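Those letters in the sequence shown? Residues 708 to 859, by my numbering.
C-beta atoms are modelled at their ideal positions from N, C-alpha and C, and glycine is treated no differently.
Keep in mind that this is a model prediction, so the values were computed, not measured.
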Amino acid sequence: MPLRASTLLPVLLAFGVLSAAPAAQAQIAPRPDRPPPPRLERVTPRTYPLLCRGTRSLNVWVRPERVALLMFERSAGPASAGLAPGQCAWMDRAVRADEPARLAHHVPAGADGEAPYQWPEVLYDPDRYWVFEVYNNGRGDLVVTASREQPR
708 MPLRASTLLP
718 VLLAFGVLSA
728 APAAQAQIAP
738 RPDRPPPPRL
748 ERVTPRTYPL
758 LCRGTRSLNV
768 WVRPERVALL
778 MFERSAGPAS
788 AGLAPGQCAW
798 MDRAVRADEP
808 ARLAHHVPAG
818 ADGEAPYQWP
828 EVLYDPDRYW
838 VFEVYNNGRG
848 DLVVTASREQ
858 PR
């Protein structure tokens, strides 16, 4: 005897509900024999201040994804020992040869005029300085998380 749609639909629904219920319960029920999975949290890398002095020959590029890149010259000593135009240094030491000599600063759309993103204009002046809070991403960039002009 053929099944009619009016008979088949309730049977399929009943089967689907009955077969899905144990699986749903198994996913919800805690497993006492296993600890809960660890929570994945986004960890912001620790940043360090890098001081840069402006130069008339500032080397700035902009990637299509709105990342401004500043290529700089490494100083021979810490920022406290003084910087020549175009140089950057850590506050307490020189930038090592194995550390990037390039800053990468993401500029959100519409933020171009905001103070933290004014460094390309400011650093064309060799008498001005800028502090970048950065971390090394391990891929050739010191990634900027914050920045501000440094009065002298």
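From the DSSP output, which residues share a beta bridge with Val-802?
Looking at the DSSP assignment, Val-802 forms no beta bridge with any residue, so it has no partner.
Distance CB(Leu-758)-CB(Leu-810) smaller than 8 Å:
At least 8 Å separates the beta-carbon of Leu-758 from that of Leu-810.
Who does Val-838 pair with in a DSSP beta bridge?
Beta-bridge partners assigned by DSSP to Val-838: Leu-758, Arg-855.
Helix, strand or coil, according to DSSP, for Glu-828 in the structure here?
In this structure, Glu-828 counts as helix in the three-state DSSP scheme.
N-terminal and C-terminal residue of the beta strand (DSSP E) that Val-774 is part of:
Boundaries of the beta strand (DSSP E) around Val-774: 774-778.
Using beta-carbon positions only, say whether Ala-775 and Pro-858 come within less than 8 Å of one another.
No, the Cβ-Cβ distance between Ala-775 and Pro-858 is not below 8 Å.
Comparing alpha-carbon positions, which option in Val-851, Ala-796, Asp-834, His-812 lies nearest Trp-768?
Considering only alpha carbons, the answer is His-812.
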